[in-house]
Structures are given as structure tokens and as C-alpha cells.
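Have a look at the structure below before the remarks.
There are 2 protein chains.
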Amino acid sequence: MPRSGADARRRLREAALDLYREHGYDATTTAQIAERAGVTERTYFRHFADKREVLFDGEDDLRTVLVDAVAAAPPELPPLAVLTRAFTAAVPLFVAGRSVAERRQEIIVATPALQERAHAKSAALTEALATALAARGLPRPSALLAGRIGMASFGHALGSWDGRSASELERLIAESAAEARSLG
Amino acid sequence: MPRSGADARRRLREAALDLYREHGYDATTTAQIAERAGVTERTYFRHFADKREVLFDGEDDLRTVLVDAVAAAPPELPPLAVLTRAFTAAVPLFVAGRSVAERRQEIIVATPALQERAHAKSAALTEALATALAARGLPRPSALLAGRIGMASFGHALGSWDGRSASELERLIAESAAEARSLG
Chain B
1 MPRSGADARR RLREAALDLY REHGYDATTT AQIAERAGVT ERTYFRHFAD
51 KREVLFDGED DLRTVLVDAV AAAPPELPPL AVLTRAFTAA VPLFVAGRSV
101 AERRQEIIVA TPALQERAHA KSAALTEALA TALAARGLPR PSALLAGRIG
151 MASFGHALGS WDGRSASELE RLIAESAAEA RSLG
Chain G
1 MPRSGADARR RLREAALDLY REHGYDATTT AQIAERAGVT ERTYFRHFAD
51 KREVLFDGED DLRTVLVDAV AAAPPELPPL AVLTRAFTAA VPLFVAGRSV
101 AERRQEIIVA TPALQERAHA KSAALTEALA TALAARGLPR PSALLAGRIG
151 MASFGHALGS WDGRSASELE RLIAESAAEA RSLG
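So the protein lines, in turn, are chains B and G.
Under our numbering, the residues of the first sequence are numbered 1 to 184, in order.
Under our numbering, the residues of the second sequence are numbered 1 to 184, in order.
Below, the structure written as C-alpha cells:
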């Protein structure tokens, strides 16, 4: 019975996390990841564009949830309150992805080439939030400012989270937004 | 008569900006930069650690001015107001460095390897601001949050500046800080 695409993708991600941790990112090849996952290297490249992307699986889902939540927020809500609502909508993704995120973070910290990609991903997410806010009528520079403040505030919440419960992360997101307002 | 170290440094910076623009960053060597500046390659490496650093000359001065201004601000001032004051103190550096900054930006936009270094420089500046705020008694995570919001707000001001007058940049810094507060 052929394994499903989603299953192969999950196994490739797990295999990459294991191999990058065991041998380091630089010493691991996509062929080794595919072998460990029990698929061909061609299958690897059907799922991921390069050796780095396998680590950032899930970013597209996160962006979609955030952007949709920004679009769906009541029109009268101020921009940072819109972002607080969007990050709260993404809490289930962070709860589900916590174990992968922690293992990934260890590998990123040890690998300069991945820090660059992680930064690019974070900048792309900020851009997506700014674009979604601009679509609500906010001038583009103000939307980018709001996106950056929102990302800083959410990073602050995520940094204090113990990774256990969704309700704890929701509380921290609200607290961080309030703290950002209180710093001024 | 031997040329002074400061003069050689200035000429190396100008030569690098010219050559990177003319031939691209990747195709230019430190030997070519030194030759154009009329010094030896050994002199180049006495001033700059690598091919990228020549573009980021002045970052140390900026960090020093910002960190000193944070330390000197009245103790009762809220963190973001402290940062607004610090960026205002650095306005003369931005006025003096505007022409170099514009030419540098064109080169950075065209060169992925430099975007990475530019990001690292910006992250290091955020860290320095956070450390300076933490030294005033702010908890470290809150200091980092304030540093990120302050940098976002200052970037917003710099993005609208026409590069002409110091008083205009001072006005934009104050306006951006007010706008950041109004977003939430």
C-alpha cells in the first residue's frame, strides 16, 4: 500500500530533525534524510525545495491562519488588537507544533545558515501581517510598524510560554500586548 | 607625509562603495579596494575584519551614542521614551552619514550576503539597547521587547525622512513614537 503524501512529509521532517541533531546540519544530505524516511530523494524534493525548508514546514499554515484572522477581525478594532486576536487564533498551531519547534530551535542555534533562513521566515511573516493590515485600510508604513510591534509582542509571549497549555499561551499573548502598551 | 589612519579609513570606505557599485560586491576584492584607496591590503585589514565590515563603518559610534543616551536619561522616564530620546541624540550621526547610508543601501539591496550582515547589525543594536535598558532596572525580556518596539518605531521615522534636515528627523522620531502608541 503506498504511503500517503502527508505521511511521507511528516516522516521526512522527523528524519531531518533527527539527522541534523545527530550529525549536524552541514554533514547531513537530503539523500540521507530520504533514506531514513524510507522514501526516494525525488520524493524529498517533491515536498521541500532544499535542505533548509524541511525545517520550516508549517510556516505556510501559520501565515494562512494569521492572515485570515486579520481579515476577519471587526473593522473598528485597532491594528495591534487585530494582531493580538490573530496570534490567539494561531495558538492551536503552536500547541501542536511545540515539540518540533523546540527541536528545530536547537538545530538553528547551532547553524548560522539556518539562522539566516529563520530570520527571512520571520521577516516574511511580518510582511504578510503588514499586507493584511494594509488591506484593512491602514497606510502601508503604519501597517509595517504595527506588524513589527505585533511580532515583537508575540515573541515576548512565546518566550515565556512553558509549552504546556493553550490557555496559558492565550493569557501570555494578552499580557504581552498590554505590556507593550505600558512601555511607552 | 604619511596619511592619517582616519583618512585612510575614510578613503577605504569610499573606494569600497564605488567599487561595489561599479562591479558588484561579489566581483570586488579587498586588494582592489586597497589599491583604489592608495593603501596596502594590510592596511585594509588593520581597519576592517573582512569585505563586508567596510560598509558598516560607523555602527560602533552609533551604538555608543545610543547606549550612552539610554544610560543618561532620567530614571523616571518610561522605556520607550528613553529610546526616543536616544534616537534623537543620534540624529547628528544620521545627518552626517546620510550620503554613505543611501549608497550603502543600494549595494545591500543587490547583495544577499550583505542583507544577512545588515540584519545581524540591526539585531546587535537591538540587543545593545535592551542591555542598556536592563541596566536601568527593566527585566531583561521587557527590555528586549522595548528595544524591538523602539527599533521598529525608529525605522518607521527613518523611512519617511527626506535626508535633509536634523529637525525634520527629530520631528519624525517623535511622531513615530506617538504613532506606535496609537496603534494599540
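Cβ coordinates follow ideal geometry from the N, Cα and C atoms, glycine included.
Identify each residue in the stretch 79-93 of chain G for which the Cβ-Cβ distance to at least one residue of chain B is less than 8 Å, and report them in chain order. Pro79, Leu80 and Ala81
What distance in whole Å lies between the Cβ atoms of Ala37/B and Arg21/B, which are believed to be in contact at a cut-off of 8 Å? The Cβ separation is near 15 Å, so there is no contact.
Hey, is Leu142/B's beta-carbon within less than 8 Å of any beta-carbon in chain G? Reading off the sequence shown, one finds Ser at residue 142/B, where the question assumed Leu. Taking Cβ atoms only, chain G reaches closer than 8 Å to Ser142/B, which makes this a yes.
Expressed to the nearest angstrom, what Euclidean distance is found between the alpha-carbon atoms of Leu125/B and Leu133/B? 12 Å
Nearest to Ile107/B by CA position, among Arg9/B, Val54/B, Glu179/B and Leu183/B, is which residue? Val54/B
Any beta-carbon of chain G closer than 8 Å to the one on Arg148/B? yes
What did DSSP end up calling Asp162/G once you bin it into helix, strand or coil? coil
Can you list, in chain order, the residues of its chain with a C-beta nearer than 6 Å to that of Leu83/B? Leave out the 5 residues immediately preceding and following it. Gly150
Reference Pro141/G; option with closest CA among Ser142/B, Ser167/B and Gly159/B: Gly159/B
According to DSSP, is Thr29/G helix, strand or coil? coil
Using C-beta distances below 8 Å, list every residue in its chain close to Ala101/B, excluding the 5 sequence neighbours before and after it, in chain order. Phe94
Assign Gly184/B to one of two classes, buried (16 or more other C-beta atoms within 10 Å of its C-beta) or exposed (fewer than that). buried
Could you tell me which chain B residues have their CB closer than 7 Å to the CB of His119/G, listed as they occur along the chain? His119
Drop a sphere of 10 angstroms on the beta-carbon of His156/G, count the other beta-carbons inside from all chains shown, and report buried for 16 or more, exposed for fewer. buried
Nearest to Ala146/B by CA position, among Leu129/G, Ala166/G and Arg181/G, is which residue? Arg181/G
Assign His23/G to buried or exposed, taking buried as 16 or more other Cβ atoms, counted over all protein chains shown, within 10 Å of its Cβ. exposed
Taking the straight line between their C-alpha atoms, what separation do you get for Thr64/B and Glu41/B? 28 Å
Under 7 Å between beta-carbons, which chain G residues line up against Ala130/B? List them in chain order, please. What Ala130/B touches in chain G: nothing, since even the nearest Cβ is about 11 Å away.
In its own chain, which residues sit with a C-beta less than 8 Å from the C-beta of Asp18/G, not counting the 5 before and 5 after it? Arg36
Rounded to whole angstroms, what's the CA-CA distance from Asp50/B to Asp68/G? Just pull it up for me. 44 Å
Separation of Ala123/G from Arg148/G, as counted between CA atoms: 9 Å
Which runs of the beta strand (DSSP E), 3 residues or longer, sit entirely within the stretch 49-91 of chain G? none
Based on Cα-Cα distance, which residue from Phe48/G, Phe154/G, Tyr25/G and Thr30/G lies nearest to Arg9/G? Phe48/G
What do you reckon, are the CB atoms on Arg118/B and Ala152/G nearer than 8 Å? Note on residue identity: the sequence assigns Ala, not Arg, to residue 118/B. Against a cut-off of 8 Å, the Cβ pair of Ala152/G and Ala118/B comes out as no contact.
Using a Cβ-Cβ cut-off of 7 Å (strictly less than) and excluding sequence neighbours within five positions of Ile173/G, which residues of its own chain qualify? Thr84, Phe87, Thr88, Phe154 and Ala157
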